[in-house]
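Data first, discussion second: the structure below is written as structure tokens.
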Amino acid sequence: MNPLPVSLPFTDRAEAGRRLAERVRPLAVTDPLVLALPRGGVPVGAELARLLGIPLDVLVVRKIGVPGHPELGVGAVDEDGHACYDDRALARLRLSRAALADTVEAERAELARRVEVYRRGRAPADPRGRDVVVVDDGVATGGTARAALRMVHRRGPGRLLLAVPVAAQSALDSLTAEADRVVALTVPENFRAVGEWYRDFGQLTDSEVTALLDAEADRDAAPAHARAVRIRSGDTDLEAELATVPGARGTVVLALGREREDPARRAVAAALGRAGYTTLLVDLLTSEEDAARRAADPGAPAEPPVAVPARRLEAAVAWLLRSTDSAGRRIGLFGAGAGVPAALAAAAARPADIAAVAVHGGRPDLAAEALPGVRAPVLALVQGGDSFVRELVEWALARVGGPHRTRTVPGAEELLDAEAGRRTVGEAAVEWFERHL
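For reference, each letter of the sequence shown is one residue, going 1 to 437 in UniProt numbering.
Take a look at the structure:
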């Protein structure tokens, strides 16, 4: 029997995928996509994709081995037909690229066969503009991972990540420049082979791989669990949208003035949903009230600007606890625009229910009277370069009764027109609620 290594952190590939999902969750924000390297990377990627609720596809790459010694990798070939060579290894072995021509053609043929088997006629996922997570069950030399990353990079992703449960340090060092972010759960000093770091590292068959891919394709085709709801607050019906996530990690209420359909706000909600949170987007103002507020109509409510939206937000939280499976859970609040002071005031009024608050834009200073009663941790996202707004935010946070943090959103504008701004706000919200919910 072969001696066991010092540590066996992973029971099997599925368990490794579950553990990897927690590290990847806050990083994959903008229309994310998991691309798994078959065969071994597919069960890892399938579990990660399932837990994060994002699509899965394969990225087929074949190792180029030394003739007569196929276990010695000196490069890889990808789905586009490109061959990526390890010229240092070739030099050590005194091999030319030309000497590998027959091997490369054989691997291209096998690659084409596997693509046909795995996809079953499905079109490959388009990575353009998306946060793409390339997943394998481990990295020993980095040859196949390098070819995979370069192939995705040529197709124009928004951001490119490599995520593996275990890797050799030398391989990771060589891959740092190939991706925007590299995640490895463990990098053992005594690394010899990927399989030594799993209790069950059995060889997979094509049928097992296709079964996992078919199951994920069926899940991706399932309808979203989102529905419009109306929440009664006094004599007003609030318009809202509830998006539930099976096995949700928590619930976040997005408190908005009249911005529920704004693409930027929905992008934040989508990021939270992909991170495993049920979300409730609620408009705290009616269309008439919002129009009056924008026009500074004398007929607008005479109460302080925060009072009515805050009471309505409290009603939304109460409805959520009463009418959904959020009962017994503490809730996060994300305030934007007119929802900023309302979120802070509601957090002060319901300290037992609100576990964390994040705000972006708006006027937190309008909740001045309520700020000392806010016990939940508060994150304030401030537009870069706006010193006046930053002073208002810092003034308000200095009066908050609990922990707080200010974070600049570089390049974002008030309505988050820039894709970079949307991504930053979504990432920041996910990270904050990951930490405090």
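Virtual Cβ for every residue (Gly too), placed ideally from N, Cα, C.
Requested in this report: Look at residue 344 and residue 365 and say whether their C-beta atoms are less than 7 Å apart.
Outcome: no
Query raised in the report: How many whole angstroms separate the CB atoms of residue 44 and residue 16, which I take to be in contact at a CB cut-off of 8 Å?
Result: 5 Å
Query raised in the report: Which residues share a DSSP beta bridge with residue 324?
Result: DSSP lists no partner for residue 324.
Requested in this report: Tell me whether residue 251 sits in a helix, a strand or coil according to DSSP, three-state version.
Outcome: strand
**Report entry** Same chain, Cβ closer than 8 Å to residue 84, five either side skipped, listed in chain order
**Finding:** 75, 76, 77, 78, 143, 146, 147 and 150
Query raised in the report: What residue does the alpha helix (DSSP H) around residue 113 start on, and which one ends it?
Result: 101-119
Query raised in the report: From residue 64 to residue 102, what distance separates their C-alpha atoms?
Result: 10 Å
Query - For residue 279 and residue 239, the rounded distance between their alpha carbons - result: 14 Å
Query raised in the report: Pick from 19, 18 and 52: whose alpha carbon is nearest that of residue 33?
Result: 52
**Report entry** Complete alpha helix (DSSP H) runs within the region 321-372 (minimum length 4 residues, chain order)
**Finding:** 339-349
Query - Residue burial classification, residue 339 (beta-carbon count within 10 angstroms, cutoff 16) - result: buried
Query raised in the report: Apart from the five residues just before and just after residue 229, which ones in its own chain have a Cβ nearer than 6 Å to its Cβ?
Result: 240 and 242
Query raised in the report: Whose C-beta lies closer than 6 Å to the C-beta of residue 247 among residues of the same chain, with five residues either side of it excluded?
Result: none
Query raised in the report: Thinking C-beta only, is residue 29 closer than 7 Å to residue 361?
Result: no
Requested in this report: Kindly indicate which residue of 156, 193 and 181 has the alpha-carbon position closest to the one of residue 168.
Outcome: 193
Requested in this report: Kindly identify the DSSP beta-bridge partner or partners of residue 388.
Outcome: Its beta-bridge partners do not exist; DSSP assigns none.
**Report entry** Strand pairing of residue 241, partner residues [DSSP]
**Finding:** 228 and 281
Query - Validate contact between the region 397-411 and the region 368-382 using beta carbons, cut 8 Å, 3 pairs - result: yes
Query raised in the report: Should the region 162-181 be called in touch with the region 103-114, which here means at least 3 C-beta pairs below 8 Å?
Result: no
Query raised in the report: Tell me which same chain residues have a C-beta within less than 7 Å of the C-beta of residue 389, skipping the five on either side of it?
Result: 382 and 383
Query - Proximity test, residue 38 beta-carbon vs the ligand HEM heavy atom, cut-off 6 Å - result: No copy of the ligand HEM appears in this structure; indeed no ligand is present at all.
Query raised in the report: Would you call the CB atoms of residue 402 and residue 435 closer than 7 Å?
Result: no
Query - Three-state secondary structure assigned by DSSP to residue 423 - result: helix
**Report entry** residue 223 to residue 87 span [Cα, whole Å]
**Finding:** Residue placement at residue 223 cannot be trusted, given a pLDDT of 44 that sits under 50; what the coordinates show is reported in the next sentence. Straight-line Cα distance between these residues: approximately 48 Å.
Query raised in the report: Just how far apart, CA to CA, sit residue 328 and residue 215?
Result: 32 Å
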